[in-house]
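If you count by mature numbering (1 follows the signal peptide of the UniProt record, and there is no 0), then the sequence shown holds residues -27 to -1, 1 to 250, one letter each, in order. Every residue gets a Cβ at the ideal spot worked out from N, C-alpha and C, and that includes glycine. No experiment lies behind these values; they were computed from the predicted model shown.
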Amino acid sequence: MSMTGTAVRAAHVSLLALLALCGQALAQAGEAQPKVTDPHFKIAPGYLKRSDLPDSLVLLGAPPAADSAALARDEEARKTTIPLRNTARWKLAITDADLAFPQAADNFSCAMGVRIDGQQTPRLYAMMQKMLSDFGLSTYGVKNKYNRVRPFVVHNEATCRADQEAILRNDGSYPSGHTAAGWGWALVFAQINPERADALFKRGIEFGQSRVICDAHWQSDVDAGRIMGAATVARLQTDPTFLADLKAAKVEVKAAKAKRLPSTAECAAEAAALSAQ
């Protein structure tokens, strides 16, 4: 059956309207996807939808302004770390900067008292990778808005990881995604292994401080990163997939305590590095 000219025109107008709506929806979807510079936060899909992540634009203010007391605090914190360069603590900051696996898991194995890996604790190992995306992505609203310049760029220095500097130069300093991940992991690990909670909290704090020692972040970046890490962990507590993995990880870790442990030598070296500050 043929269509009348009026019907054809009406169908054409409807099609144009539909295309316009699709274009608007795609544009809005594009706006909802922040630019993510650090490839570590794309290792595995996270637990949370982007729309369900805590919003750093709501939770955080702007980074310290020029000539402010807050920036002076940042500069002072940076100066206190200069004597640590090329020490054992500096070397620990180098490994803490590596969010790739298995190093990211190794960074917390001593504090956990259990070797975190794909063989002994596969569920926990996979959880770390998924949470990493959630922690990192939670920081990018503010990162992209302010695009704060990192301390090593401001002071024309090197970081503890020359191989990462090209990415860091184009990735906003505030807040610290590494810190969000380290503190978030520590909080979840303490849920899984509460007997080691204090050691895990301490390691999570020092993981963030490694970013200041490395000259990759300001202290206020690290402080803000901890806020985003904690907020993301709180949000994860409502996700059924995360909660199922958390339950399974508790079983894994309980079984692993009687099996493969981190070496006493590497844990002694880590403890010495952390105490030598």
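Among the residues of its own chain, which have a CB less than 6 Å from the CB of residue i, if the five just before and after it don't count?
i      : result
Gly19  : Lys103, Ser106 and Asp107
Cys83  : Pro235, Cys240 and Glu243
Arg58  : none
Ile186 : Thr54, Leu57 and Ala66
Phe215 : Tyr20 and Leu209
His151 : Arg184
Ala172 : Ala84
Could you tell me if residue i is buried or exposed, where buried requires 16 or more neighbouring beta carbons within 10 angstroms of its beta carbon?
i           : result
Asn143      : exposed
Pro36       : buried
Ala231      : exposed
Lys116      : buried
Gln210      : exposed
Glu49       : exposed
Ser193      : buried
Asp11       : buried
Ala45       : exposed
Ser111      : buried
Pro213      : exposed
Gln92       : exposed
Ser41       : exposed
Val224      : exposed
residue 251 : Given a span of -27 to 250 for the chain in the structure shown, any question on residue 251 remains unanswerable.
Please return the same chain residues whose Cβ sits closer than 7 Å to the Cβ of residue i, not counting the five positions on each side in sequence.
i      : result
Gly114 : Pro7, Asp28, Ser29 and Leu30
Asp90  : Pro75, Ala78 and Tyr98
Trp63  : Leu57, Cys133 and Ile186
Ala238 : none
Ala43  : Pro37 and Ser193
Going by DSSP in three states, residue i sits in which element: helix, strand or coil?
i        : result
Tyr147   : coil
Pro235   : coil
Leu26    : coil
Lys116   : helix
His13    : helix
Leu33    : coil
Cys133   : coil
Trp156   : helix
Gly19    : coil
Ala99    : helix
Leu110   : helix
Pro56    : helix
Pro167   : helix
Lys230   : coil
Phe125   : helix
Ser41    : coil
Lys8     : coil
Gln92    : coil
Leu72    : coil
Thr211   : coil
Gly198   : helix
Met(-27) : Confidence at Met(-27) is low in this model, with a pLDDT of 39, below 50, so the placement of that residue is unreliable and no value is reported for it.
Trp191   : coil
Ala249   : coil
Among the options, which residue has its Cα nearest to the Cα of residue i?
i      : options                           : result
Pro95  : Ala238, Asp69, Val226 and Ala246  : Val226
Ala70  : Gly86, Ala135 and Val206          : Ala135
Ser149 : Ile16, Trp191 and Pro213          : Trp191
Ile55  : Ala159, Phe215, His128 and Ala172 : His128
Ala39  : His151, Ala245, Thr132 and Val122 : Val122
Thr68  : Lys22, Arg184, Asn166 and Val87   : Arg184
Ala13  : Gly109, Lys52 and Arg88           : At residue 13 the sequence reads His, which differs from the Ala that was named. Cα-wise, what sits closest to His13 is Gly109.
Asp47  : Gly177, Ser146 and Lys118         : Ser146
Phe81  : Arg233, Met201, Ala217 and Phe180 : Phe180
Arg51  : Ala229, Val195 and Met201         : Val195
Gln164 : Val126, Ala222, Tyr119 and Ile178 : Ala222
Tyr73  : Lys22, Lys15 and Ala217           : Residue 73 is actually Ala in this sequence, not Tyr. Of the candidates Lys22, Lys15 and Ala217, the one whose C-alpha sits nearest the C-alpha of Ala73 is Lys15.
Ala197 : Asn120, Arg23, Ala153 and Phe125  : Ala153
With a cut-off of 8 Å on the beta carbons, I'd call residue i and residue j a contact; round off their distance for me.
i           : j      : result
Val206      : Gly157 : 5 Å
Leu247      : Ala189 : Rounded, the Cβ-Cβ distance is 18 Å, inconsistent with contact.
Met101      : Ala78  : 6 Å
Met85       : Arg199 : Actually they do not touch by this definition, with Cβ atoms about 19 Å apart.
residue 257 : Ala17  : It is not possible to answer for residue 257, since the shown part of the chain is limited to -27 through 250.
Arg88       : Arg176 : Actually they are not in contact, since the Cβ atoms of Arg88 and Arg176 sit about 15 Å apart, beyond 8 Å.
Please work out which residues of its chain come closer than 8 Å, Cβ to Cβ, to residue i, disregarding the five sequence neighbours upstream and downstream, and give them in chain order.
i      : result
Lys220 : none
Ala204 : Pro27, Leu32 and Ser111
Val161 : Met100, Met104, Val206, Leu209 and Leu219
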